[in-house]
Amino acid sequence: MIRLHHVPFSRSFRILWLMNEMGLEFEVTEYSITDGSLRKPDYLAKSPAGRVPALEIDGITLFESGAITEYLCETRPDHGLGRTPGHPERAAFLEWLHYAETMAHLIANLNLQWVFLRDPAMRSPTLLKMEARRLALTLAPLEATLARQDYLLASGFSGADTMLGYNLLAVPHFVRLDPYPAIRAYIDRIARRPGHVAARARDGVQQFYKRDFYEVTDG
Ligand SMILES: N[C@@H](CCC(=O)N[C@@H](CS)C(=O)NCC(=O)O)C(=O)O
Numbered sequence: 272m273i274r275l276h277h278v279p280f281s282r283s284f285r286i287l288w289l290m291n292e293m294g295l296e297f298e299v300t301e302y303s304i305t306d307g308s309l310r311k312p313d314y315l316a317k318s319p320a321g322r323v324p325a326l327e328i329d330g331i332t333l334f335e336s337g338a339i340t341e342y343l344c345e346t347r348p349d350h351g352l353g354r355t356p357g358h359p360e361r362a363a364f365l366e367w368l369h370y371a372e373t374m375a376h377l378i379a380n381l382n383l384q385w386v387f388l389r390d391p392a393m394r395s396p397t398l399l400k401m402e403a404r405r406l407a408l409t410l411a412p413l414e415a416t417l418a419r420q421d422y423l424l425a426s427g428f429s430g431a432d433t434m435l436g437y438n439l440l441a442v443p444h445f446v447r448l449d450p451y452p453a454i455r456a457y458i459d460r461i462a463r464r465p466g467h468v469a470a471r472a473r474d475g476v477q478q479f480y481k482r483d484f485y486e487v488t489d490g
């Protein structure tokens, strides 16, 4: 049995979504990100930095959502969600897969400041502005690509979309998407996919962000 170690609305959603797209059977062990359970020795044995996702599969335990995505796509090629070496889109597949983390670390910094700091006085308006601007910068190549095609790769939906598409659940809380019509259409398109709908239903109601938009007012 495949087991996903998961925190709702976190990067482990990427794997929840991908496995739903593949129609795999799996179980989920759910954690809280704030109660210390990811720092317990038995969890650190699965994911040494105490992060989600971790995935138990085929007799091994993997961590890092990008590695898990590549592993699932390569070991379950019948689903057509990877682009293996030699495929003309292999390079683009890898680029988007890893670009997702360039975006996600900015989102993580913003989450840390807006959501996790106990005392709002500890927030740095300078950092908040800087990271929101840097996140907005990452959207330009995405907009250009999605203006030409429905998904990140011209040939269609792939594991790159589950990696990067997850980020777009968070981005609208920090960057106004009015100048990005192709990204907005993409968000609607991926949200309509049955695999995404099933993963969202399994993930539960979003309780992470208390505001629709986090506006920086000074700094
Ligand atoms: N590059 C890693 C990042 C994993 C990561 O940082 N996950 C966050 C949730 S989105 C986490 O587990 N945070 C727990 C913590 O920082 O204590 C991946 O893509 O799997």
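Take the sequence shown: its position 141, counting from 1, is numbered 412 in our numbering, and each next residue is one higher.
Even glycine gets a Cβ: it sits at the ideal position worked out from N, Cα and C.
Nearest-angstrom Cα separation, counted from residue j out to residue i
| i | j | result |
| --- | --- | --- |
| Leu343 | Ala325 | 13 Å |
| Asn380 | Leu368 | 20 Å |
| Ala425 | Thr416 | 9 Å |
| Arg347 | Pro391 | 45 Å |
| Ser303 | Ala320 | 15 Å |
| Glu301 | Phe284 | 11 Å |
| Gly428 | His358 | First, the residue type needs correcting, since residue 428 is Phe and not Gly in the sequence shown. Cα to Cα, the separation comes out at about 15 Å. |
| Leu448 | Leu388 | 26 Å |
| Gly351 | Arg482 | 37 Å |
| Ile454 | Arg463 | 14 Å |
Whole-Å CB distance - residue i paired with residue j, under 8 Å assumed
| i | j | result |
| --- | --- | --- |
| Trp288 | Tyr422 | Between Tyr422 and Trp288 the Cβ distance is about 14 Å, and since that is not below 8 Å, they are no contact. |
| Tyr451 | Glu414 | 5 Å |
| Leu410 | Leu377 | Contact doesn't hold; Cβ gap of about 11 Å is too wide. |
Reference residue i, options the options, closest by Cα
| i | options | result |
| --- | --- | --- |
| Tyr370 | Tyr314, Ala470, Phe334, Leu408 | Leu408 |
| Phe484 | Leu440, Glu360, Ala392 | Leu440 |
| Ala338 | Gly357, Ser318, His350 | Ser318 |
| Leu333 | Leu315, Ser281, His350 | Leu315 |
| Arg460 | Leu388, Gln478, Gln420 | Gln420 |
| Ser308 | Glu298, Met374, Phe297, Arg322 | Arg322 |
| Leu383 | Glu366, Ala411, Ala403 | Ala403 |
| Asp313 | Tyr480, Met290, His276, Lys481 | His276 |
| Phe445 | Met401, Glu298, Asp349 | Met401 |
| Ala431 | Gly353, Met293, Arg282, Pro279 | Gly353 |
| Ala375 | Pro443, Leu435, Glu360, Pro279 | Leu435 |
C-beta neighbour in chain D for residue i, strict 8 Å
| i | result |
| --- | --- |
| Arg460 | The structure shown contains no chain D; it is built from a single protein chain. |
Let me know the alpha helix (DSSP H) ranges lying completely inside the segment 352-398, each 4 residues or longer, listed in chain order.
-> With a minimum length of 4 residues, the continuous alpha helix (DSSP H) runs that stay inside the segment 352-398 are 361-382.
In chain order, which beta strand (DSSP E) runs of at least 3 residues are fully inside the segment 292-351?
-> Counting only unbroken stretches of 3 or more residues, the beta strand (DSSP E) elements lying wholly within the segment 292-351 are 297-301, 325-328, 331-334, in sequence order.
Check each residue's C-beta against every heavy atom of ligand 1 and list, in chain order, those closer than 5 Å.
-> Of all residues, those with a beta-carbon under 5 Å from at least one heavy atom of ligand 1 are Ser281, Arg282, Arg322, Val323, Glu335, Ser336, reported in chain order.
Contiguous alpha helix (DSSP H) assignments of at least 4 residues, all confined to the segment 392-444 | Scanning the segment 392-444 from its first residue to its last, the whole alpha helix (DSSP H) runs of 4-plus residues come out as 396-408, 410-419, 430-441.
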